[in-house]
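Chains as they are written, first to last, in our numbering: chain A, 1 to 469; chain B, 1 to 469.
Think of the CB as a built atom: it goes at the ideal place given N, C-alpha and C, for glycine as much as any other residue.
Source: prediction; values computed, not measured.
Number of protein chains: 2
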Amino acid sequence: MAKRPVLTPQSEDFPRWYQDVINKAELADNGPVRGTMVIRPYGYGLWERMQSEMDDRIKACGAENAYFPLFIPESYLTKEAEHVEGFSPELAVVTHAGGKDLEERVVVRPTSETVIGEFMAKWTQSYRDLPLLLNQWANVVRWELRPRTFLRTTEFLWQEGHTAHATREDANVYARRILHEAYADFMVNVLAMPLHLGIKPSYDRFAGAINTMACEAMMRDGKALQMGTSHELGQNFANAFDITYQSVEGVQETVWTTSWGTSTRMIGGLIMCHGDDKGLRVPPALAHIQAAVLLIRDEDGAGEVASKLHDELVEAGVRSRLDAQVDTPFGRRATDWELKGVPVRVEIGPRDVAENKVTIVRRDTGEKQPVGIDIAAATIRGLMEEIQITLHDEALAFRDANTAEASTVAEALEAAKTGFATVPWSVVADAEKELAADAVTVRCIQRADGTVPDDEDEDDLVAICARAY
Amino acid sequence: MAKRPVLTPQSEDFPRWYQDVINKAELADNGPVRGTMVIRPYGYGLWERMQSEMDDRIKACGAENAYFPLFIPESYLTKEAEHVEGFSPELAVVTHAGGKDLEERVVVRPTSETVIGEFMAKWTQSYRDLPLLLNQWANVVRWELRPRTFLRTTEFLWQEGHTAHATREDANVYARRILHEAYADFMVNVLAMPLHLGIKPSYDRFAGAINTMACEAMMRDGKALQMGTSHELGQNFANAFDITYQSVEGVQETVWTTSWGTSTRMIGGLIMCHGDDKGLRVPPALAHIQAAVLLIRDEDGAGEVASKLHDELVEAGVRSRLDAQVDTPFGRRATDWELKGVPVRVEIGPRDVAENKVTIVRRDTGEKQPVGIDIAAATIRGLMEEIQITLHDEALAFRDANTAEASTVAEALEAAKTGFATVPWSVVADAEKELAADAVTVRCIQRADGTVPDDEDEDDLVAICARAY
Chain A
1 MAKRPVLTPQ SEDFPRWYQD VINKAELADN GPVRGTMVIR PYGYGLWERM
51 QSEMDDRIKA CGAENAYFPL FIPESYLTKE AEHVEGFSPE LAVVTHAGGK
101 DLEERVVVRP TSETVIGEFM AKWTQSYRDL PLLLNQWANV VRWELRPRTF
151 LRTTEFLWQE GHTAHATRED ANVYARRILH EAYADFMVNV LAMPLHLGIK
201 PSYDRFAGAI NTMACEAMMR DGKALQMGTS HELGQNFANA FDITYQSVEG
251 VQETVWTTSW GTSTRMIGGL IMCHGDDKGL RVPPALAHIQ AAVLLIRDED
301 GAGEVASKLH DELVEAGVRS RLDAQVDTPF GRRATDWELK GVPVRVEIGP
351 RDVAENKVTI VRRDTGEKQP VGIDIAAATI RGLMEEIQIT LHDEALAFRD
401 ANTAEASTVA EALEAAKTGF ATVPWSVVAD AEKELAADAV TVRCIQRADG
451 TVPDDEDEDD LVAICARAY
Chain B
1 MAKRPVLTPQ SEDFPRWYQD VINKAELADN GPVRGTMVIR PYGYGLWERM
51 QSEMDDRIKA CGAENAYFPL FIPESYLTKE AEHVEGFSPE LAVVTHAGGK
101 DLEERVVVRP TSETVIGEFM AKWTQSYRDL PLLLNQWANV VRWELRPRTF
151 LRTTEFLWQE GHTAHATRED ANVYARRILH EAYADFMVNV LAMPLHLGIK
201 PSYDRFAGAI NTMACEAMMR DGKALQMGTS HELGQNFANA FDITYQSVEG
251 VQETVWTTSW GTSTRMIGGL IMCHGDDKGL RVPPALAHIQ AAVLLIRDED
301 GAGEVASKLH DELVEAGVRS RLDAQVDTPF GRRATDWELK GVPVRVEIGP
351 RDVAENKVTI VRRDTGEKQP VGIDIAAATI RGLMEEIQIT LHDEALAFRD
401 ANTAEASTVA EALEAAKTGF ATVPWSVVAD AEKELAADAV TVRCIQRADG
451 TVPDDEDEDD LVAICARAY
């Protein structure tokens with residue numbers, strides 16, 4: 001008789017499967033204030049690894065971290081016209097503090113363009129101060145009417161980069177460098193997620209940007225998720241905040257700025273790109289726990305063997321966790337590690353020890369294999385790269401299988417019911433409303449070879465159309 | 001003719017010297033909303049290193065990081081009576097969000113005891129779930145009437161640990177473990193700051209605690225700064241939030257909780273413990289830039305030599321920064337690195353290259369020495385440990401020289417005019433108001449041998465009295 005599954009199957013109800021994974025893998029809980037979330041230790045461990053890998057790449061691109069205040073005077077938001085229009089409906093406002101009503105209301109940052117603009121104006125005096133390359137890891141707040149854990153929450157954690165450059169060309173190059181070297185490199189090589197990179201249609205840019213570039217990934221229900229964006233802000237914020245500098249020739253010039261961000265939303269993308277009916281599947285390059293060493297019963301020396309293998313794994317550079325909680329039933333623990341998507345599970349009990357072996361279970365394929373104790377650590381270490389590749393290739397094959405070429409709006413709408421449509425940009429350029437009526441959007445615009453175009457007016461561009469989170 | 005100093009001398013006006021260092025070393029700026037701060041890249045670099053070193057130690061104590069929401073329903077705060085009384089005057093309140101007035105007002109967390117209490121109640125079902133050891137890195141808000149950068153700001157960054165235990169004994173041991181193994185170990189060995197550890201008088205505990213332990217350091221004006229605290233919360237929050245578990249015997253029991261925190265205030269402590277009239281002095285173990293390699297003029301191969309030495313230093317594990325900004329005058333750059341307190345400055349110009357040497361300048365002693373290029377990297381690496389020890393020993397000697405034994409309240413008040421007074425606790429136990437009239441407080445209570453007592457009723461305890469930040 002089949003057991004009732006721990007999770008709602010993906011095919012039955014994908015959104016419910018997603019919420020089940022979040023609960024059962026102990027990734028997050030809903031916070032007490034509408035739309036907020038509590039990120040539990042296992043979920044936060046994923047985020048810490050994302051931060052660390054991203055931070056290395058951002059620093060390699062030359063940016064330095066800084067911290068700007070949570071509270072922004074309401075008047076700042078109104079300085080850039082499109083920006084205030086974009087964010088007004090989502091703002092949380094502090095009106096009362098220190099026991100008194102405030103004279104000027106203060107907004108909780110929805111993003112930091114404005115306050116950073118104010119300080120860039122102070123800090124960029126001379127051409128010597130450029131480029132100014134800043135990044136911030138912080139929480140931001142956007143009041144959500146239809147919250148969804150990790151994907152759309154009232155408060156979320158993110159990094160926001162903000163840079164100022166002497167020329168438009170330099171800003172353009174930098175925004176692209178971040179897109180490729182920080183974002184795509186991390187998402188493809190660490191998260192094992194295949195991406196479409198491209199520009200957003202002009203009607204769908206960030207509030208105040210002259211160009212928005214995005215990383216788009218396919219989830220296992222065929223929908224798209226925007227994993228990160230990099231914006232050229234032109235001189236819009238520079239003019240609004242008077243960010244100028246003295247050039248080599250002694251002339252006062254206005255800077256060009258960029259901003260770029262990724263957030264805890266990536267955790268949602270990770271779940272929905274790799275997860276299966278047994279739970280999350282975490283790529284080894286990301287996993288903060290790469291191998292769980294499970295002691296079945298602490299008898300006949302099994303405890304010592306488990307503990308020794310754990311030490312060997314750590315020694316070999318594998319992020320191992322020893323699970324010797326033998327007063328919790330073994331089956332339940334095995335299911336828990338499966339739910340959590342740890343790449344490799346090692347099972348060790350008295351019978352294994354007697355046979356001088358351990359049992360290795362791969363989370364990606366479900367494959368179980370007995371392995372001699374003496375080669376267990378080396379075998380597991382070798383599996384890390386293999387599982388990483390398998391997960392990436394599986395996601396890529398899934399995306400390919402669920403992508404159709406379309407040559408009309410009608411065909412694009414049909415394809416977007418189950419996956420992505422690639423369609424000539426010229427066909428859908430004026431079809432925003434027609435697509436939207438079916439909840440379909442242009443996720444990004446690419447060149448035919450998949451590279452990122454300079455603008456939407458180039459010839460022979462392709463639009464990736466899909467429903468999206 | 002003496003040049004006008006870059007900084008106000010410490011002896012002339014210590015608070016102004018402090019503010020000068022913050023500005024000139026580009027550590028922070030005031031934010032636009034009263035009492036908030038912008039942490040600039042150099043200041044944030046110090047904080048990142050503090051985070052990293054602390055995080056390692058906290059994890060070694062078994063705690064895991066998690067993230068709880070910024071927004072807390074106002075009703076939560078009122079559940080623990082002393083807690084709400086302690087924080088009410090400092091709260092920032094969101095009354096309006098998403099374009100509407102809120103039904104229940106929401107406070108911006110001043111600390112997360114209450115919201116974490118709520119979730120601990122969900123997560124601790126069985127004795128198997130204990131101890132529950134959580135830590136959070138986050139921003140918190142306490143509306144400040146007299147803000148001071150890093151020391152008292154309306155928003156600050158911190159870590160707050162929150163743990164739940166089966167017994168009072170276990171909670172007590174863990175709160176002490178954090179105090180010693182995470183906090184004191186970091187502050188003494190990385191920040192090079194000598195500490196007094198002890199308990200707070202009962203009238204000066206954290207709001208809701210049954211015991212507060214603190215790390216107290218002496219600043220160079222003789223005042224004390226509290227660098228971190230670790231609290232036993234008894235069952236106050238557990239009762240208020242109904243945090244119970246089923247024991248091994250199947251009985252429903254109430255947990256014992258602790259909380260502990262350190263913040264960006266430590267940056268203020270670092271400045272005032274080690275800084276001198278030339279600026280900050282950063283201990284090498286902390287410094288994110290341990291050596292600045294200054295190219296004087298890019299002539300006769302000096303550029304290549306500087307760049308090569310920088311690479312060698314990185315190779316040798318020294319956190320080096322190459323400064324080849326030769327279009328900024330050399331003297332100004334040298335002063336800037338001095339202001340920033342980088343432990344070692346290396347000066348390389350065409351004349352040095354001709355003589356096959358470089359000039360090494362120690363920030364702690366100001367000593368300048370020519371060193372052969374071939375042994376430069378090894379010499380600098382060796383200096384790291386030496387400078388670390390020198391800074392610590394200097395701070396300790398300063399503290400000893402400015403600490404007096406007192407046997408009466410009057411003597412304690414006299415000594416506290418310029419430094420610390422050690423006085424029998426029995427002498428000052430009832431003198432809170434008398435001390436306070438002179439702005440003096442009991443910083444902590446210790447045993448005669450400097451260890452941390454169990455409570456203030458032990459015999460022969462000593463009180464450290466001082467004025468404080």
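In the DSSP assignment, what are the bridge partners of residue i?
i, result
"B/S230", "B/M213 and B/W260"
"A/C471", "With chain A running from 1 to 469 in the structure shown, residue 471 of chain A is simply not present."
"B/G161", "B/N135 and B/W260"
"B/Q246", "B/S126 and B/Q252"
"B/I348", "B/L295"
"A/R148", "A/R152"
"A/A224", "A/M218 and A/A468"
"B/H196", "B/E216"
"A/V97", "Rather than Val, the amino acid found at residue 97 of chain A in this sequence is Ala. In the DSSP output, where bridge partners are listed per residue, A/A97 has A/K100 and B/A92."
"B/G279", "B/D276"
"B/V108", "B/F71"
"B/V188", "In DSSP, B/V188 forms no bridge with anything."
"B/V140", "B/F156"
Using the Cα positions of residue i and residue j, report the straight-line distance between them to the nearest angstrom.
i, j, result
"A/A214", "A/N139", "21 Å"
"A/W425", "A/A182", "27 Å"
"B/K433", "B/A412", "13 Å"
"A/K223", "A/A468", "5 Å"
"A/S259", "A/Y67", "15 Å"
"A/Q19", "B/I199", "45 Å"
"A/M37", "A/L396", "31 Å"
"A/A175", "A/V452", "12 Å"
"A/R265", "B/A28", "30 Å"
"B/G250", "A/V188", "49 Å"
"A/P15", "A/P147", "13 Å"
"A/L309", "B/A60", "20 Å"
"A/A415", "A/C273", "19 Å"
"A/V442", "A/A406", "13 Å"
"A/C465", "B/Q235", "56 Å"
"A/A429", "B/S52", "48 Å"
"A/A421", "A/D454", "22 Å"
"A/L134", "A/V255", "15 Å"
"A/E456", "A/I445", "7 Å"
"B/V440", "B/D221", "14 Å"
"B/P41", "A/V6", "47 Å"
"A/D459", "A/E169", "21 Å"
"B/I348", "A/A217", "50 Å"
"B/G372", "B/R381", "14 Å"
Any heavy atom of the ligand FMN closer than 6 Å to the Cβ of residue i?
i, result
"B/G35", "The ligand FMN is not part of this structure, which contains no ligands at all."
Could you tell me if residue i is buried or exposed, where buried requires 16 or more neighbouring beta carbons within 10 angstroms of its beta carbon?
i, result
"B/L391", "buried"
"A/A401", "exposed"
"A/L145", "exposed"
"A/M1", "Reliability of the predicted coordinates at A/M1 is poor, the pLDDT of 48 falling under 50, and no value is obtained from them."
"B/D476", "The first residue shown for chain B is 1 and the last is 469, placing residue 476 of chain B beyond what the model contains."
Discussion item. What ranges does the beta strand (DSSP E) occupy inside the stretch 6 to 88 of chain A, keeping only unbroken runs of at least 3 residues that lie completely in it?
Written reply: 28 to 30, 37 to 39 and 71 to 73
Worksheet item: If you measure beta-carbon to beta-carbon, which residues of the stretch 37 to 54 of chain B are closer than 9 Å to chain A?
Response: M37, V38, I39, R40, P41, Y42, G43, Y44, G45, W47 and E48
Discussion item. At 4 residues or longer, what runs of the alpha helix (DSSP H) sit wholly inside the stretch 296 to 346 of chain B?
Written reply: 302 to 315 and 330 to 340
Practice prompt. Let me know the beta strand (DSSP E) ranges lying completely inside the stretch 358 to 428 of chain B, each 3 residues or longer, listed in chain order.
Written response: 368 to 372, 403 to 405 and 420 to 424
Practice prompt. Select from the stretch 54 to 76 of chain B all residues with a C-beta closer than 8 Å to any C-beta belonging to chain A, and list them in chain order.
Written response: E64, N65, A66, Y67, F68, P69, L70, F71, I72, P73 and Y76
Discussion item. What are the residues in the stretch 383 to 415 of chain B lying within 8 Å of chain A by C-beta distance?
Written reply: none
Worksheet item: Got a sec: which bits of the stretch 77 to 101 of chain A sit with their beta carbon under 8 Å from any beta carbon on chain B, in order along the chain?
Response: S88, P89, E90, L91, A92, V93, V94, T95, H96, A97, G98 and G99
Worksheet item: Listed in chain order, which residues of the stretch 325 to 355 of chain B have Cβ atoms closer than 9 Å to some Cβ of chain A?
Response: Q325, D327 and T328
Practice prompt. Below 8 Å between beta carbons is the criterion; list the residues of the stretch 147 to 170 of chain B that meet it against any residue of chain A, in chain order.
Written response: T154, E155 and L157
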